[in-house]
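Participant: Keeping their order, the protein sequence lines are chains A and B. Each residue of the first sequence is one higher than the one before, counting from 1 in the UniProt record's numbering. Each residue of the second sequence is one higher than the one before, counting from 1 in the UniProt record's numbering. Ideal Cβ positions, reconstructed from N, Cα and C, are used throughout, including at glycine. None of these values were measured; they are calculated from a predicted model.
Protein chains: 2
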Amino acid sequence: MATESMSLLGLEKTSLRQQALAALRRAITTGEIAPGTHLVETELSETLQISRGTLREAMRQLQQEGLISAGPRGRLSVRHLDAKEICDIFAVRAALESLAARELCALEDRAQVIKELRRALEEMDRASKDGLEERIEADLNFHRTLCGLTGNETLLHSWGSLEGNIRMSIMFAGFERAAQNMSVKRHGEIVDAIETGDAAKASEAITEHMDGAAKVLVG
Amino acid sequence: MATESMSLLGLEKTSLRQQALAALRRAITTGEIAPGTHLVETELSETLQISRGTLREAMRQLQQEGLISAGPRGRLSVRHLDAKEICDIFAVRAALESLAARELCALEDRAQVIKELRRALEEMDRASKDGLEERIEADLNFHRTLCGLTGNETLLHSWGSLEGNIRMSIMFAGFERAAQNMSVKRHGEIVDAIETGDAAKASEAITEHMDGAAKVLVG
DNA sequence: AACATGGCAACTGTCAACAGTCTTGCTTCC
DNA sequence: GGAAGCAAGACTGTTGACAGTTGCCATGTT
Chain A
1 MATESMSLLG LEKTSLRQQA LAALRRAITT GEIAPGTHLV ETELSETLQI
51 SRGTLREAMR QLQQEGLISA GPRGRLSVRH LDAKEICDIF AVRAALESLA
101 ARELCALEDR AQVIKELRRA LEEMDRASKD GLEERIEADL NFHRTLCGLT
151 GNETLLHSWG SLEGNIRMSI MFAGFERAAQ NMSVKRHGEI VDAIETGDAA
201 KASEAITEHM DGAAKVLVG
Chain B
1 MATESMSLLG LEKTSLRQQA LAALRRAITT GEIAPGTHLV ETELSETLQI
51 SRGTLREAMR QLQQEGLISA GPRGRLSVRH LDAKEICDIF AVRAALESLA
101 ARELCALEDR AQVIKELRRA LEEMDRASKD GLEERIEADL NFHRTLCGLT
151 GNETLLHSWG SLEGNIRMSI MFAGFERAAQ NMSVKRHGEI VDAIETGDAA
201 KASEAITEHM DGAAKVLVG
């Protein structure tokens, strides 16, 4: 029933659970489903055309990511972020990315790393002419790349767990406002610092960048 | 069927899923289930006396925590840690706890915080005469408290997601070896630094502590 | 009108069964 | 004797149904 037309091209055959997970994550982080909304399993399973069991598995993952939280009677609802929580999220994010920058600075051969980072920068530059959503994607991609290039899987995993919350923060504050802090210049400084191997400077640049981002988002 | 004798006292009525989650987490982090072991749903569900559906939900959470990883065909197996991964885990841990220390230093009134931390220290001291496992629990409790006292839920959540990996690292390296790095003195220095509000020193103390811990575990 | 009460509807927790796929070992044919 | 094919087994993906609990609403009582 679920093995028909897909995978005609390189389309990885994705399980229904993963599809549901992606769909829900998107719907939540874009605000399509408003914060605080009570997620009723029976409704959602009908909407997504999947069974409750499969849906519940996806919900557990979202819960672990902090996008939805459990109420009294096992009731799950979309997490609501206030200003303080956004600051908290960005503080943790800063700590993680600062670690990433320091680890990259400690590498012997940073040539390849720098190359990848500059590629991500170019992508941001290209996206700066496009819509807000493209810019946000490019920005997140840059930071994800930063963490991924360290080769520290735990770091990348932790950052990934935070990504949903970051997206919610951006959505909560409004995309226009969020875009203020995504200048290619600021990010270039980070790359420059890493290129010269100046760990302190790179760490500082990131911390400041995140501080600024949080301040802009909170208003 | 599951609503019999429990909750006679303050025993929170825990869902089967949560029980299974706790049982599995314990079994994995103590090495009862060896790293690399392929977790067969049908077997486990029979062992734990729960249905596969319920078990699968618990497995998703463990997967998100990084205790089990997915293989080719959706096969789940207990994660195997090598030396590098242990170092990586402790690097992330250091970044998180360092943030915690800095946030605590930034508080106006640290009296209550210090009181709680000293209480955790005392507990460690008391446990130092007990078995290795008690000492490890007391140690983890201290660090968890450190993160919890910041009031930064995201930080605490991230640390919690790492806790399983930390336990696996300790188990992997052997409890005796791990216990070397749990002196009350070292932890006291951290608390002292926080008491004086010296963020740099507190951060430094934690980073060094974690560095030492990783080195002891690996080498 | 305020209040107790009995029953109904809404949800979540849990389970057993079906379907599809990959592996494996055996059989059969050249 | 070896290789292609075939059939059985082992697991995971997914589903629909049943059970228990909570909250609400209508109904009757004082």
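Output the residue ranges of the beta strand (DSSP E) runs that lie fully inside the UniProt domain "HTH gntR-type" (14-81) of chain B and measure 3 residues or longer, sorted by chain position.
Facilitator: Runs of the beta strand (DSSP E) inside the UniProt domain "HTH gntR-type" (14-81) of chain B: 68-70, 76-78.
Participant: If you follow the alpha helix (DSSP H) that Q112(A) is part of, which residue opens it and which one closes it?
Facilitator: 111-127
Participant: Whole angstroms are fine: how far does the CA of L16(A) sit from the CA of T47(B)?
Facilitator: 27 Å
Participant: Out of L217(A), S203(A), L155(A), D192(A), which one is the CA nearest neighbour of K84(B)?
Facilitator: Considering only alpha carbons, the answer is L155(A).
Participant: Against chain A, with Cβ distances strictly below 8 Å, would D109(B) count as a contact?
Facilitator: no
Participant: I believe G164(A) touches G66(A) by the beta-carbon criterion, under 8 Å. Please report the beta-carbon distance rounded to the nearest angstrom.
Facilitator: With a contact defined as Cβ atoms closer than 8 Å, G164(A) and G66(A) qualify at about 7 Å.
Participant: Report all residues from its chain with a CB closer than 6 Å to the CB of residue 233(A); omit the five preceding and five following residues, and keep chain order.
Facilitator: Summary: the structure shown does not reach residue 233(A), with chain A confined to residues 1 through 219, and so no result is reported for it.
Participant: Mind checking whether M210(B) and A94(B) have CB atoms under 8 Å apart?
Facilitator: yes
Participant: Would H143(B) and E97(B) qualify as a contact pair, given that the criterion is a beta-carbon distance under 8 Å?
Facilitator: yes
Participant: In angstroms, rounded to a whole number, what distance separates the CA positions of T207(A) and K185(A)?
Facilitator: 15 Å
Participant: Is there a C-beta anywhere in chain B that falls below 8 Å from the one on G197(A)?
Facilitator: no
Participant: Check each residue of the UniProt domain "HTH gntR-type" (14-81) of chain A: if its Cβ is closer than 9 Å to any Cβ of chain B, include it; give the result in chain order.
Facilitator: Listed in sequence order: S15, R17, G53, R56, E57, A58, M59, R60, Q61, Q63, Q64, E65, G66, G74.
Participant: Alpha helix (DSSP H) containing G188(B): first to last residue?
Facilitator: 184-196
Participant: Taking the C-alpha atoms as reference points, what is the distance between E116(A) and E123(A)?
Facilitator: 11 Å
Participant: Under 8 Å by Cβ, that's how I've got I89(A) and L162(A) pegged, so tell me the actual separation to the nearest angstrom.
Facilitator: 7 Å
Participant: According to the Cβ coordinates, are S203(A) and R119(A) closer than 8 Å?
Facilitator: no
Participant: Please decide whether H143(B) counts as near chain A, where near means a Cβ-Cβ distance under 8 Å.
Facilitator: no
Participant: Give the DSSP-derived three-state secondary structure of G212(B) in the structure shown.
Facilitator: helix
Participant: Below 8 Å on the Cβ atoms is my guess for G53(A) versus G53(B); work out the distance and round it to an integer in Å.
Facilitator: 5 Å
Participant: Spatial neighbours of A34(A) within its chain, please: CB distance less than 8 Å, with the 5 preceding and 5 following residues excluded, ordered by chain position.
Facilitator: V78
Participant: Count the other C-beta atoms from every protein chain shown that fall within 10 angstroms of the C-beta of S51(B), then say buried if there are 16 or more, exposed otherwise.
Facilitator: exposed
Participant: What's the gap between the Cα of D125(A) and the Cα of E137(A)?
Facilitator: 12 Å
Participant: Tell me the rounded alpha-carbon separation between A111(A) and G212(A).
Facilitator: Taking the straight line joining both Cα atoms gives about 29 Å.
Participant: Does DSSP put A173(B) in a helix, a strand or coil?
Facilitator: helix
Participant: Looking at the C-beta of S158(A), does it have a partner C-beta in chain B at a distance below 8 Å?
Facilitator: yes
Participant: Starting from the beta carbon of E89(A), find every residue of chain B whose beta carbon is closer than 7 Å, and list them in chain order.
Facilitator: Position check: residue 89(A) holds Ile in this sequence, whereas Glu was assumed. Here the neighbours are T154.
Participant: Within the 8 Å Cβ cut-off, does E163(B) reach chain A?
Facilitator: The C-beta of E163(B) comes no closer than 8 Å to any C-beta of chain A.
Participant: Assuming A91(B) and N152(A) are in contact, meaning their beta carbons sit under 8 Å apart, how far apart are those beta carbons, in whole angstroms?
Facilitator: A91(B) to N152(A), Cβ: 7 Å. Contact.
Participant: Could you work out which residues of chain A lie near L140(B), taking near to mean beta carbons separated by less than 9 Å?
Facilitator: Correct list: empty, because the minimum Cβ distance to chain A is about 17 Å.
Participant: Should L39(B) and A100(B) be called a contact, given that it needs their Cβ atoms to be closer than 8 Å?
Facilitator: Using a Cβ distance threshold of 8 Å, L39(B) and A100(B) do not count as a contacting pair.
Participant: Restricting to Cα atoms, I'd like to know which of Q61(B), E195(B), H80(B) is closest to S169(B).
Facilitator: H80(B)
Participant: Mind listing the chain B neighbours of V218(A)? Cutoff is C-beta to C-beta under 9 Å, in chain order.
Facilitator: Result: empty, since nearest Cβ-Cβ is about 15 Å, beyond 9 Å.
Participant: Kindly give me the distance between the Cβ atoms of A205(A) and E195(A), rounded to whole angstroms, as I take these residues to be in contact under 8 Å.
Facilitator: With a Cβ gap of about 12 Å, A205(A) and E195(A) do not count as contacting.
Participant: Nearest to I166(A) by alpha carbon, out of D82(A), M59(A), A70(A), H187(A)?
Facilitator: D82(A)
Participant: At least one CB of chain A closer than 8 Å to the CB of V92(B): is that the case?
Facilitator: yes
Participant: Counting C-beta neighbours from all protein chains within 10 Å, is the total for Q61(B) 16 or more, i.e. buried, or is it exposed?
Facilitator: buried
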